[in-house]
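One structure is given below, encoded as structure tokens.
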Amino acid sequence: MNIVFTTVVYILLTLCCYFLSLKLFYLYKKAWLNPLFTGSILLVFLLLVFHVKEETYQHASSIFSFLLQLAVVSLALPLYKQWQFLKKHYKKIITGVVSGTFIGLMAVLVLSQIFHISHQLLASLIPRSVTLPIALTISDNLGGISSMTILFVVISALFSVWMGPRLFTTLGIKSKSAKGLAMGTSAQMIGANTSLAWGEEEGAMGSVAMTTSAMLLTIVVPVISFILS
Amino acid sequence: MRIKWIFQFFIIIGFLLLGYGIEIVVPIPLPASVIGMLLLFLFLLAGVIKLEWVEKVSSFHLKHLPLLFIPPIATLFISSSIFKVLQWDIMLVLIVSSISCLLGTAITVEWYENRKGRRTK
Numbered sequence: 001m002n003i004v005f006t007t008v009v010y011i012l013l014t015l016c017c018y019f020l021s022l023k024l025f026y027l028y029k030k031a032w033l034n035p036l037f038t039g040s041i042l043l044v045f046l047l048l049v050f051h052v053k054e055e056t057y058q059h060a061s062s063i064f065s066f067l068l069q070l071a072v073v074s075l076a077l078p079l080y081k082q083w084q085f086l087k088k089h090y091k092k093i094i095t096g097v098v099s100g101t102f103i104g105l106m107a108v109l110v111l112s113q114i115f116h117i118s119h120q121l122l123a124s125l126i127p128r129s130v131t132l133p134i135a136l137t138i139s140d141n142l143g144g145i146s147s148m149t150i151l152f153v154v155i156s157a158l159f160s161v162w163m164g165p166r167l168f169t170t171l172g173i174k175s176k177s178a179k180g181l182a183m184g185t186s187a188q189m190i191g192a193n194t195s196l197a198w199g200e201e202e203g204a205m206g207s208v209a210m211t212t213s214a215m216l217l218t219i220v221v222p223v224i225s226f227i228l229s
Numbered sequence: 230m231r232i233k234w235i236f237q238f239f240i241i242i243g244f245l246l247l248g249y250g251i252e253i254v255v256p257i258p259l260p261a262s263v264i265g266m267l268l269l270f271l272f273l274l275a276g277v278i279k280l281e282w283v284e285k286v287s288s289f290h291l292k293h294l295p296l297l298f299i300p301p302i303a304t305l306f307i308s309s310s311i312f313k314v315l316q317w318d319i320m321l322v323l324i325v326s327s328i329s330c331l332l333g334t335a336i337t338v339e340w341y342e343n344r345k346g347r348r349t350k
């Protein structure tokens, strides 16, 4: 089959899956009908049914990864709109992001010791909470495996987005800043986007947490690699 | 109207390209997209770029962000390496560290707000 034709078909297929799940979400308004989940499940199902190869689809969908990079640039907007608010609360933001990142990092290090996880896997696990492009750089510096890191980042983010709102309700966490910062620190882009849907304040906190935790881990990594070696 | 959308879209692309340019020249360990975001933010603060120039495209873009996550997720689940990760010990590390990170942040922030005695509503 012609390569241009297949590319167009896969792009249209992806768009259809997304807009169909979005329609479903607006129709029934249930939280578990999140288009991110339903859209992905639908697309994976279709790709598996038609025996689409990983490389073929990855190549066809490269336009989406370009748009994702542009979306990172667009995150400057919620940051700018909430700048006065963020400036007032910078201590809170830094305290929250630093402690969350370190507690998450400690959990990875301690559990890896307990389960005797190999060095290479540990290096791929460390950047699991950071936005993908940065996570890949960090994992590379530590000697991790890129494809593993992508998987860990996506699984952590999906789990955080799925579990986060439940945990907040159970523990009675009501503060908008606490929710936004936690989602951004743990689930980066996906978390920032989730918190953006909750409101402007949560969204701004989410995107600022994503950026701060990424920069923090980029700085801390040389120290970790020193300890590991 | 359509011209306006294209113009806004090109401003965002411009900042991404600027990020790529800076990444090559200056050895910062940040990806081009994050550099572009920080630059756009600074330009907005400085007033060089007006909010209205980019607002329409950006909010449309961010509204449909989940669409952009679907392809990488789908690629992972149709790849064979997924089976290497679906082992209970690694999944446990991911789940426990995600929960620690979420709660670590949220509880610290709540504690901080309570200590300050002014809860944001």
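Listed in order, the protein sequences are those of chains A and B.
Residue 12 in the working numbering is what sits at position 12 of the first sequence, and the numbering runs on without skipping anything.
Residue 266 in the working numbering is what sits at position 37 of the second sequence, and the numbering runs on without skipping anything.
Glycine included, every Cβ here is placed at the ideal spot set by N, Cα and C.
These numbers come from a predicted model, not from an experiment.
- L291 of chain B is a Cβ neighbour of N193 of chain A, given a cutoff of 8 Å.
- Between the alpha carbons of V98 of chain A and I336 of chain B lies a distance of about 12 Å.
- H59 of chain A carries a helical assignment under DSSP once its states are collapsed to helix, strand and coil.
- G276 of chain B carries a coil assignment under DSSP once its states are collapsed to helix, strand and coil.
- At least one CB atom of chain A sits nearer than 8 Å to the CB of P300 of chain B.
- Note on the region 163-190 of chain A: there is no whole beta strand (DSSP E) run with a minimum of 3 residues.
- Within the region 254-267 of chain B, P258, L259, P260, A261, S262, V263, G265, M266 and L267 place their CB atoms closer than 8 Å to a CB of chain A, listed in sequence order.
- Residue burial annotation: Q188 of chain A is buried, with at least 16 other C-beta atoms found within 10 angstroms of its C-beta.
- Chain A has a Cβ within less than 8 Å of the Cβ of A335 of chain B.
- Within the region 104-141 of chain A, the complete alpha helix (DSSP H) segments at least 4 residues long are 119-125, listed from N- to C-terminus.
- With contacts defined by Cβ atoms closer than 8 Å, G203 of chain A and S213 of chain A do not form a contacting pair.
- DSSP places I145 of chain A in the coil class of the three-state scheme, outside both helix and strand.
- Counting only the Cα atoms, I93 of chain A lies some 12 Å from L216 of chain A.
- If you draw a straight line from the Cα of S287 of chain B to the Cα of L332 of chain B, it comes to about 30 Å.
- K91 of chain A carries a helical assignment under DSSP once its states are collapsed to helix, strand and coil.
- In the DSSP annotation of this structure, the continuous segment of the alpha helix (DSSP H) that includes P35 of chain A starts and ends at P35 to V49.
- Shown here for I251 of chain B: same chain residues with a beta carbon closer than 6 Å to its own, the five before and five after excluded, namely I264 in chain order.
- In the DSSP annotation of this structure, the continuous segment of the alpha helix (DSSP H) that includes N343 of chain B starts and ends at W317 to K345.
- Judged by DSSP in its simplified three-state form, I257 of chain B adopts coil rather than helix or strand.
- Rounded to whole angstroms, the gap between the alpha carbons of Q84 of chain A and G172 of chain A is 28 Å.
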